[in-house]
Amino acid sequence: MIQNDILLKHLSTVMDPELGVNIVDLGMVKNLTYNDSEITIDLALTIAECPMRNQIESEIKRKLKLIENVKEVKINVVAMNKEDRAALMSVARKNAREKAVPTQINTRTRVIAIGSGKGGVGKSTISTNLAVGLEKLGFTTGLLDADIWGFSIPRLLGIEGRLEANEEKKIIPYKKGRLEVVSTGLIAEDEDTALMWRGLMLSKALEQFLFDVAWGNLDYLVIDLPPGTGDIQMALGRLLPQTELLVITTPQPSAQKVATRVADMAKRSFIPLLGVVENMSYFETSDKNKYQIFGKGGGDKLAEKFGIPLLSKVPISETSVEESENGIPILLQEDESPTKNALQDLVTKITKVLPPVSDETCTGRLAKVLEELEADQ
345 MIQNDILLKH
355 LSTVMDPELG
365 VNIVDLGMVK
375 NLTYNDSEIT
385 IDLALTIAEC
395 PMRNQIESEI
405 KRKLKLIENV
415 KEVKINVVAM
425 NKEDRAALMS
435 VARKNAREKA
445 VPTQINTRTR
455 VIAIGSGKGG
465 VGKSTISTNL
475 AVGLEKLGFT
485 TGLLDADIWG
495 FSIPRLLGIE
505 GRLEANEEKK
515 IIPYKKGRLE
525 VVSTGLIAED
535 EDTALMWRGL
545 MLSKALEQFL
555 FDVAWGNLDY
565 LVIDLPPGTG
575 DIQMALGRLL
585 PQTELLVITT
595 PQPSAQKVAT
605 RVADMAKRSF
615 IPLLGVVENM
625 SYFETSDKNK
635 YQIFGKGGGD
645 KLAEKFGIPL
655 LSKVPISETS
665 VEESENGIPI
675 LLQEDESPTK
685 NALQDLVTKI
695 TKVLPPVSDE
705 TCTGRLAKVL
715 EELEADQ
């Protein structure tokens, strides 16, 4: 039997995307029962037709299904009464005054962390092309290279500039269209420079990239994590509670085993697992012959183990490697390739699984309703 305090712990990581406070503290969880692998929750919204409803319900289901043996989540939506709304706004105002971690990332920004248990599986390539793909769709997208020691994002994007600060002493991201990029590679002298920092300094660097960067009003923030389960990974869930993890593996069983640790770390930190990408899934020649040069099955096993979707199997193509090394992301290359098609499909799936937050908010809709009521009186 799962105790209610465990359920509430998971629910307390579901944030109202507008108010930046978790739904438990806001008094939105009215009733909670667990019976035979099924959880039923009464969810109180400011108004029943709240436009944020689908997103909040989706977040609740994803978080509760992180718990072992939970197969079904049923949500009954009710509208708050006048007293509930007053209490909610009181909590929201208090949070706005006393918020302890004032990052520059809007609570409504979708945050996708790209992680794996080991290096060399293509995290940075996936991160770069995901960010580029989202930007191509018209979304304002941030790309944060949190691989402090092993930064490679500037090279993959063909960026040679250096970051500067504005009058408020905030770091200005490097901008390419709607894409905003921050990396220690844009601070260090060159890519060959070794950064000899200890673990505490790494987490502090992540904090600076979240607190002291003048990020725009981002729809998405893609974070390229270092390999493993170290300080940065553990700090991320604390600093950005809306973070979701996309796990990268290769078909090799050994890579899948190591990637399992990252997925397990995410579950323990209450970070939802967005899905799995099996990179370098196979090699496809220009005449359509396929060779599984790194084995097979790693992505399927990882997705099955954690009950999450295998979002893509990205192949290696003859035509995509050389241009990538010259600073042209695969999704910006002119020639079509199996790799480019797979990455474009991944971007499309991400926008469906994790759509951008609607500009029309619940409290905004509530304000309109109150204005109409006052006008009628």
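Using the numbering used here, the first residue of the sequence shown is number 345, and each one after it goes up by one.
We treat Cβ as the ideally placed atom computed from N, Cα and C, and that holds for glycine.
Since we're looking at a predicted model, the values are computed, not measured.
Just mark residue i as buried or exposed, buried being the case when its beta carbon has 16 or more other beta carbons within 10 Å.
i	result
Gln740	Examination of residue 740 is not possible in this model, given that the chain is present from 345 through 721 alone.
Gln552	exposed
Arg542	For Arg542, the predicted model reports a pLDDT of 46, less than 50, meaning its position is unreliable; a value from the coordinates is still stated below. It is exposed - the Cβ of Arg542 has fewer than 16 other Cβ atoms within 10 Å.
Leu698	buried
Glu512	exposed
Taking residue i as the reference, give the member of the options with the closest Cα.
i	options	result
Arg499	Thr484, Asp568, Asp491 and Gly529	Gly529
Val435	Ile492, Met372 and Pro585	Met372
Ile311	Val697, Pro571 and Asn366	The requested residue 311 does not occur in the structure, where the chain is confined to residues 345 to 721.
Pro395	Lys409, Ser460 and Glu362	Glu362
Pro700	Asp386, Asn375 and Arg452	Arg452
Gly463	Leu583, Tyr626, Thr594 and Pro616	Thr594
Gln596	Leu583, Met609, Ser625 and Leu580	Ser625
Asn450	Ile615, Asp360 and Asn375	Asp360
Leu355	Arg397, Ile391 and Glu401	Glu401
Leu676	Leu474, Glu504 and Ile531	Leu474
Ser630	Val606, Thr604 and Thr663	Thr663
Leu507	Val525, Ile497 and Glu588	Val525
Are residue i and residue j closer than 8 Å when you measure CB to CB?
i	j	result
Val620	Leu655	yes
Ile567	Leu488	yes
Arg478	Tyr564	It is worth fixing the name first, because residue 478 is Leu in this sequence and not Arg. Yes. Within cutoff.
Ile383	Val465	no
Leu678	Pro659	What sits at residue 678 in the sequence shown is Glu, not Leu. For Glu678 and Pro659, no; Cβs fall outside 8 Å.
Ser527	Phe483	no
Leu618	Ile456	yes
Arg406	Pro585	no
Thr472	Leu501	yes
Ile385	Asn398	no
Ile404	Ile419	yes
Val417	Lys426	no
Closer than 8 Å, CB to CB, is residue i near chain C or not?
i	result
Pro361	Looking at the structure shown, chain C is missing, and only one protein chain is on hand.
For the alpha helix (DSSP H) containing residue i, list its first residue and its last residue.
i	result
Asp349	Asn348 to Leu355
Asp489	From DSSP, Asp489 is part of no alpha helix (DSSP H) but of the beta strand (DSSP E) over Thr485 to Asp489.
Ile592	Run containing Ile592: none in the alpha helix (DSSP H); it sits in the beta strand (DSSP E), Thr587 to Thr593.
Lys470	Reading off the sequence shown, one finds Ile at residue 470, where the question assumed Lys. Here the alpha helix (DSSP H) through Ile470 covers Lys467 to Lys480.
Gly643	Gly642 to Phe650
Hey, quick one: how far does the beta strand (DSSP E) through residue i stretch, first residue to last?
i	result
Thr384	Glu382 to Leu389
Ser656	Leu654 to Ser661
Val526	Leu523 to Ser527
Segment contact, 8 Å Cβ cut-off, at least three pairs: the region 642-650 with the region 670-688: no
Stretch-stretch touch, CB-based, cutoff 8 Å, three pairs: the region 633-647 with the region 591-606: yes
Can at least three beta-carbon pairs, one atom from the region 516-527 and one from the region 553-560, be found at a separation below 8 Å? yes
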